[in-house]
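Student:
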Amino acid sequence: MRIEFEMNGGHKVIDCDPQKSLLSVIREDLGLTGTKYCCGGGECGACTILLDGKPVTSCIMVAAQANGHSIETIEGVRGEREFEVIKNAFMAHGALQCGYCTPAFVLYAYHILKDGRQATREEIRREIAGVYCRCGSYQKIIDAMESLLSGGSTYAEMPEGSDVVGKGVERKDYGDKIEGRAIYAYDLKPEIKGREDVLYLKFLRSPHAFARIKGIDTGKVKGTVLVLTHENVPEVYFTTAGQSYPEASPYDTRLLNNPVRYVGEPVAIVAAESEDEAEEALGQISVEYEVMKPVLGPEEALRTSIRIHSKGNVVAEIHEVVGDPARGFEEADLVIEREYETQMQKHVHLEPYASFSYWDNDVLTVETGSQVVYHCRRTISRILGLPENRIRVFSHTMGGGFGDRQEMTLEQYVAVVTHMTGKPCFASLTREEQFFISRRRHNARIRMKLGAKKDGTLTAMSMNALSDTGAYGSHGLTVTTNMGSMTLPLYTRHCRNIAFDATVVYTNRPIAGAFRGYGTTQGGFALESAMDELAEALGMDPIDLRLKNVIEEGAIDPISEVLSEGGEAIPRRIESCGIEEALKRGRELFDWDRNKGEGGIIGVACGMKGSGVAGFEFANATAKLNEDGSVTVAIGAADIGQGAESAMAQIAAQASGISFRDIRVTSADTERVPFDMGTYASSVTYVTGMAVKRAAEDLREKVLQRAERLCGGRPELKDSILGDKPLREFAMECFYGNDRDELCGFGSATDITSPPPFSAHFVELNVNRATGEVRIERYLAMNDIGKVINPVAAEGQIHGAILQGIGYALFEEMRLDENGKLINPDLTNYKIPSALDAPDIENHFIETNEPSGPFGAKSCGEIAFVPVAPAIANAIYRATGTRFRKLPVTRERIAMS
Amino acid sequence: MEYRYASTIEEACRLVENGFSPIAGGTEINLKHGAGPLVDIDGIGMNYIEDRGDSIAIGATATIAQIERSSLLREYNALTIAAVGFTQSVKHLATIGGNIAESVASADTAPPLLVFDAEAVLASLTGERIVRVESLFAGLRKNALRRGEIIKEFLLPRFDGRSYFRKVGRTEDDLAVTSMAISVSGDVRIALGSAASVPMRARNAEKALSSGMGAARDALLSETSPRDSMRAARDYRERLETALLEECLREVGL
Numbered sequence: 001m002r003i004e005f006e007m008n009g010g011h012k013v014i015d016c017d018p019q020k021s022l023l024s025v026i027r028e029d030l031g032l033t034g035t036k037y038c039c040g041g042g043e044c045g046a047c048t049i050l051l052d053g054k055p056v057t058s059c060i061m062v063a064a065q066a067n068g069h070s071i072e073t074i075e076g077v078r079g080e081r082e083f084e085v086i087k088n089a090f091m092a093h094g095a096l097q098c099g100y101c102t103p104a105f106v107l108y109a110y111h112i113l114k115d116g117r118q119a120t121r122e123e124i125r126r127e128i129a130g131v132y133c134r135c136g137s138y139q140k141i142i143d144a145m146e147s148l149l150s151g152g153s154t155y156a157e158m159p160e161g162s163d164v165v166g167k168g169v170e171r172k173d174y175g176d177k178i179e180g181r182a183i184y185a186y187d188l189k190p191e192i193k194g195r196e197d198v199l200y201l202k203f204l205r206s207p208h209a210f211a212r213i214k215g216i217d218t219g220k221v222k223g224t225v226l227v228l229t230h231e232n233v234p235e236v237y238f239t240t241a242g243q244s245y246p247e248a249s250p251y252d253t254r255l256l257n258n259p260v261r262y263v264g265e266p267v268a269i270v271a272a273e274s275e276d277e278a279e280e281a282l283g284q285i286s287v288e289y290e291v292m293k294p295v296l297g298p299e300e301a302l303r304t305s306i307r308i309h310s311k312g313n314v315v316a317e318i319h320e321v322v323g324d325p326a327r328g329f330e331e332a333d334l335v336i337e338r339e340y341e342t343q344m345q346k347h348v349h350l351e352p353y354a355s356f357s358y359w360d361n362d363v364l365t366v367e368t369g370s371q372v373v374y375h376c377r378r379t380i381s382r383i384l385g386l387p388e389n390r391i392r393v394f395s396h397t398m399g400g401g402f403g404d405r406q407e408m409t410l411e412q413y414v415a416v417v418t419h420m421t422g423k424p425c426f427a428s429l430t431r432e433e434q435f436f437i438s439r440r441r442h443n444a445r446i447r448m449k450l451g452a453k454k455d456g457t458l459t460a461m462s463m464n465a466l467s468d469t470g471a472y473g474s475h476g477l478t479v480t481t482n483m484g485s486m487t488l489p490l491y492t493r494h495c496r497n498i499a500f501d502a503t504v505v506y507t508n509r510p511i512a513g514a515f516r517g518y519g520t521t522q523g524g525f526a527l528e529s530a531m532d533e534l535a536e537a538l539g540m541d542p543i544d545l546r547l548k549n550v551i552e553e554g555a556i557d558p559i560s561e562v563l564s565e566g567g568e569a570i571p572r573r574i575e576s577c578g579i580e581e582a583l584k585r586g587r588e589l590f591d592w593d594r595n596k597g598e599g600g601i602i603g604v605a606c607g608m609k610g611s612g613v614a615g616f617e618f619a620n621a622t623a624k625l626n627e628d629g630s631v632t633v634a635i636g637a638a639d640i641g642q643g644a645e646s647a648m649a650q651i652a653a654q655a656s657g658i659s660f661r662d663i664r665v666t667s668a669d670t671e672r673v674p675f676d677m678g679t680y681a682s683s684v685t686y687v688t689g690m691a692v693k694r695a696a697e698d699l700r701e702k703v704l705q706r707a708e709r710l711c712g713g714r715p716e717l718k719d720s721i722l723g724d725k726p727l728r729e730f731a732m733e734c735f736y737g738n739d740r741d742e743l744c745g746f747g748s749a750t751d752i753t754s755p756p757p758f759s760a761h762f763v764e765l766n767v768n769r770a771t772g773e774v775r776i777e778r779y780l781a782m783n784d785i786g787k788v789i790n791p792v793a794a795e796g797q798i799h800g801a802i803l804q805g806i807g808y809a810l811f812e813e814m815r816l817d818e819n820g821k822l823i824n825p826d827l828t829n830y831k832i833p834s835a836l837d838a839p840d841i842e843n844h845f846i847e848t849n850e851p852s853g854p855f856g857a858k859s860c861g862e863i864a865f866v867p868v869a870p871a872i873a874n875a876i877y878r879a880t881g882t883r884f885r886k887l888p889v890t891r892e893r894i895a896m897s
Numbered sequence: 001m002e003y004r005y006a007s008t009i010e011e012a013c014r015l016v017e018n019g020f021s022p023i024a025g026g027t028e029i030n031l032k033h034g035a036g037p038l039v040d041i042d043g044i045g046m047n048y049i050e051d052r053g054d055s056i057a058i059g060a061t062a063t064i065a066q067i068e069r070s071s072l073l074r075e076y077n078a079l080t081i082a083a084v085g086f087t088q089s090v091k092h093l094a095t096i097g098g099n100i101a102e103s104v105a106s107a108d109t110a111p112p113l114l115v116f117d118a119e120a121v122l123a124s125l126t127g128e129r130i131v132r133v134e135s136l137f138a139g140l141r142k143n144a145l146r147r148g149e150i151i152k153e154f155l156l157p158r159f160d161g162r163s164y165f166r167k168v169g170r171t172e173d174d175l176a177v178t179s180m181a182i183s184v185s186g187d188v189r190i191a192l193g194s195a196a197s198v199p200m201r202a203r204n205a206e207k208a209l210s211s212g213m214g215a216a217r218d219a220l221l222s223e224t225s226p227r228d229s230m231r232a233a234r235d236y237r238e239r240l241e242t243a244l245l246e247e248c249l250r251e252v253g254l
């Protein structure tokens, strides 16, 4: 059908199925990729367009509805007069992270501005609540829009020059993201449309949680379609977890497995010349299953005689003891023992997975969105038997990751299709497929036992965890290790009697994996809830109890002496520690004592994490001087929206004396950048940052040495001025003068001790006991992340971690039916926090100086997640008198308690 | 798949008579796979909100956002509160006609229309008929429209009392797990969403109010039959019904 509409100031005529989604028309037929696909159900708002000036979700509109109307997308709005002020406001307030939702928020801002309405902060909040931001930038978006509407200047002074560490510089990725120009892997589909050689990949997924495939009949599949099953994919076992080699996760999966072990597991993949053809082929494959009884809970996995994998259901066990816990509990005046349970949480990064592979001459190239391009390359090399120098993996801008991209999800499948057929292959997941196929947080049952003297001195701690890694063991051991090893050290000022036991089991649930917090969220919920219960039993203030026991600077973390993340134990001395100050200053700022005296519904909890993985993390960087005096810094880690590239540029500027604006960072491309373990374990600023600092220092030294050799004295290099000349003149001379030399700095860093960042969070709630509704009235976050490299970007990460923590605390949960099938695989039924669920967070950094980190920095990405759920649950206890030891503490559970 | 544009009600009715489904905002129908042939009724001009003297008329294709901001509806607090709290991402698309015609229990505009005793004007090729909105809900996702009929508009009788709407979802920005509207203008009227298979008036509770809260609560619980679902268990929904009753009565000063 012929459909005509005005779009971004031009007249469009298209011919298409009238009931085709309008979003597909915009993205695929018109090639405008600034409008994003995320949920396909009108829930998330990423696909927002302006229809006759009003913001609407284009994913649930059909093409024909646009007929005769006017549409504006980010591509049109970015040319409008109002756009500049919106852009400035978003930049000045740091109102974005991964940027996937940003065009939608910009359209809302534009709509409100055009309307000429005044709006209060709460009205703005309601107005923008139609768009989800999983990075949690709502507060900064509202700040930006408030400043826009107040008509004040939206322009913030941006620091110039090379002295930029600790300053809120404008992130280098902001411009493209706000303008909707950033290209994500998901946007490759429109980009490759029309290419006839591309194969599109689809999965046939198992309807059973546990079933042996007795036969697959592909005889009815028509056309030239490649069908792969467990019978014809390489007989190679590997792990999808992107971890350092040898991985601490078992090699327990092939590309396609028999039996299949969770509902949704790929049974077959088809690759055809169009998505429709691939989809059609799925229906032509018939599979004969021998359905087996699934094991759907971790306790059951221990009891049952059913073996999910041939080696049994136990993936790993941990039994570590420090001191003499039995004696410690004997010495205690009071011992409490409690059991806690945490749920399966989904990352819900707004950009679903997409990967594209092809031969580039003799190099098998995979374009994707991965936090771990080098680990991906190594595993693909293993599966295909291709040398690593014939494989290239690189990441596009990523629409969030949060750990889900520390995993191979599609890369291995597209690579094998290209390897077998010689043709390019593209795969992308719908939101529903994303829910079924990608990873989730390990659910766990944790028994805590704490012993203390009457004065609160802890004498013994024991943690016993049962952790469910699902159908395959990705990250099972290491996530579970962190439940104890990254939480218990927090309270070891006196306590030297500690037992940590854990069992990791397989179940026929969806596969678990890495997720922001990585075990500390589960362990932290148990420990911090138990500390609250202990304080109550002792008749002590929960802050006093913590202050009595928190670890101090100079202490040796006793658990580090016996346990590491899957390798040899490395004793760690705590060189920087702001937890005591965080508690004390937080107590004052929150007016905790008065608030408590007045019966306030308040809660507190602490957290610790690491900075990278001790003994494993290894990063490299180069800093290369170009002819014009600009510098290209290359790192192997990826920017998943947190602003890594800008933080690296700041570190490079500060270390080299070359201006921030003259430095560009390129990342996550195995063909172009040096080796890095990747973006995980909050390691980029700390580990990669140290490599960048060394590379920049190396470059600086090379510049100064050359200048000294040529001119005698050793000049100054600051703000890209060398001595009294612009660096550009010097650089040109390097390449074209008489004594030629290309100057390139190299830096390398290994994580030795993974210094912990710390946090203490304070929350005040209003709980409606009748309905179970929880309103967060105040949220105060005190965080020690060492030296803060970029306070605006770092605060964005803190906000995001807290918001994901709020979802974890109050409502996010993947739910399975009695057959193990996920019953809420969409954003209608798996809710994530919207602007309406987001409190205005008061964030304070307790700046400490970590001597092993670049300019004193530690990690930032995960630390703020840890205390959220226990702080909220502790406060809910004050409101209801009920201890919620199981997450999430839903409205329903509160009302029915 | 077929898609036609109607420019008059007659044209729309003729197509509906021939098996087309009407589409306006499309936020519900487009989520269904294989919706069949559609007739777009957005261009008929039914997106008005106008004063008819003894009533306010809301055209079937008026959007939730229009209702939220209409000065004519200022007296109909329950309806505008429901509009304000409507799922934000779709309120500029979703229409009141679609919200009612879909006949889902959680439709946010339904309880307010019920307490205002709104009527619906239904159009077909044989003419118009007026029915009470309450009688439009035949069952879950099943409306009582006859073949060839579409909703043309809603008529809200003049109202100058107090009213309120309250819903509770699983999060702030969620479908109603339970919703309630109340109006007081001489008599007290109570209506609920997600308390039965379709939106409903709670007439027994209304009557029982004169005998006190306890009686009203009991009456309410015996006349509703909320379902157990993934979104909420029946007992929680019942808890919410009584909680919302107390809150709504308080809000209107009873």
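For the protein sequence lines, the chains are E and Z, in the order given. Going by the working numbering, the first sequence opens with residue 1, and the numbers climb by one from there. Going by the working numbering, the second sequence opens with residue 1, and the numbers climb by one from there. Think of the CB as a built atom: it goes at the ideal place given N, C-alpha and C, for glycine as much as any other residue.
1. Against chain E, with Cβ distances strictly below 8 Å, would D173 of chain Z count as a contact?
2. Suppose only complete runs of 3+ residues qualify. What are the beta strand (DSSP E) ranges in the stretch 650-677 of chain E, listed by chain order?
3. Measuring CB atoms only, is the stretch 841-858 of chain E touching the stretch 573-592 of chain E, in the sense that at least three cross pairs come out at less than 8 Å?
4. Which chain E residues are close to N30 of chain Z, counting only those with a beta carbon under 7 Å from its beta carbon?
5. Do we get a CB-CB distance below 8 Å when we pair D187 of chain Z with the residues of chain E?
6. Mind checking P22 of chain Z: buried by the 16 CB within 10 Å criterion, or exposed?
7. Got a sec: which bits of the stretch 816-834 of chain E sit with their beta carbon under 8 Å from any beta carbon on chain Z, in order along the chain?
8. With 8 Å as the limit, tell me which residues of the stretch 24-56 of chain Z have their beta carbon closer than that to any beta carbon of chain E; keep them in chain order.
9. With DSSP run on the structure shown, which of helix, strand or coil describes Y200 of chain E?
10. Rounded C-beta distance between H93 of chain E and F5 of chain E? I'm assuming under 8 Å.
11. Which full runs of the beta strand (DSSP E) of 3+ residues lie inside the stretch 475-509 of chain E, going along the chain?
12. What three-state label does DSSP hand H945 of chain E in the structure shown?
13. Against F811 of chain E, what residues of chain Z qualify as contacts under a CB-to-CB distance less than 7 Å, listed in chain order?
14. Could you tell me the alpha carbon to alpha carbon distance between Q654 of chain E and A621 of chain E, rounded to whole angstroms?
15. Please state whether DSSP places V866 of chain E in a helix, a strand or coil.
16. Would you kindly work out how many angstroms separate the C-alpha atoms of N874 of chain E and M483 of chain E, rounded to a whole number?
17. Are the CB atoms of R769 of chain E and T670 of chain E nearer to each other than 8 Å?
18. Kindly say whether V184 of chain Z, judged by its beta-carbon, lies nearer than 8 Å to any beta-carbon of chain E.
19. Say whether the stretch 335-349 of chain E touches the stretch 499-516 of chain E, bearing in mind that this needs 3 or more beta-carbon pairs closer than 8 Å, one atom from each stretch.
20. Judging by CA-CA distance, which residue of E:F203, E:N766, E:E716, E:L827 is the nearest neighbour of R775 of chain E?
21. Which partner residues of D187 of chain Z appear in the DSSP bridge assignment?
22. According to DSSP, simplified to helix, strand and coil, what is I823 of chain E?
23. Going by alpha carbons, who is nearest to M408 of chain E out of E:K167, E:R390, E:T239?
24. Against R239 of chain Z, what residues of chain E qualify as contacts under a CB-to-CB distance less than 9 Å, listed in chain order?
25. Check each residue of the stretch 84-97 of chain Z: if its Cβ is closer than 8 Å to any Cβ of chain E, include it; give the result in chain order.
26. For D333 of chain E, does the three-state DSSP call read helix, strand or coil?
27. Can you list, in chain order, the residues of its chain whose CB lies under 8 Å from that of R382 of chain E, leaving out five sequence neighbours each side?
Tutor: Concretely, from the data shown:
1. Yes, D173 of chain Z lies at the interface with chain E (some Cβ there is under 8 Å from its Cβ).
2. The stretch 650-677 of chain E contains these whole beta strand (DSSP E) runs: 663-667.
3. yes
4. At a beta-carbon threshold of 7 Å, the residues of chain E lying near N30 of chain Z are I60, M61, V62, ordered along the chain.
5. Residue contact with chain E for D187 of chain Z: absent (no Cβ-Cβ distance below 8 Å to any residue of chain E).
6. Burial state of P22 of chain Z is buried, judged by a 10 Å Cβ sphere holding 16 or more other Cβ atoms.
7. I823, N824, T828, N829, K831, P833, S834
8. Answer set for the stretch 24-56 of chain Z: G26, T27, N30, L31, A35, L38, D40, D42, G43.
9. strand
10. About 34 Å separates the two Cβ atoms, so there is no contact after all.
11. 498-506
12. For residue 945 of chain E there is no data in the structure shown, the boundaries of chain E being 1 and 897.
13. R170, T171
14. 15 Å
15. coil
16. 19 Å
17. no
18. no
19. Result yes; three or more Cβ-Cβ pairs closer than 8 Å.
20. Just measuring C-alpha positions, the residue of E:F203, E:N766, E:E716, E:L827 sitting nearest R775 of chain E is E:N766.
21. Z:S185
22. The answer is coil: DSSP assigns I823 of chain E none of H, G, I, E or B.
23. E:T239
24. A770, T771, G772, E892, A895, M896
25. V84, T87, Q88, S89, V90, K91, H92, L93
26. coil
27. In its chain, beyond the 5 residues on either side, V236, F238 have a beta carbon closer than 8 Å to the beta carbon of R382 of chain E.
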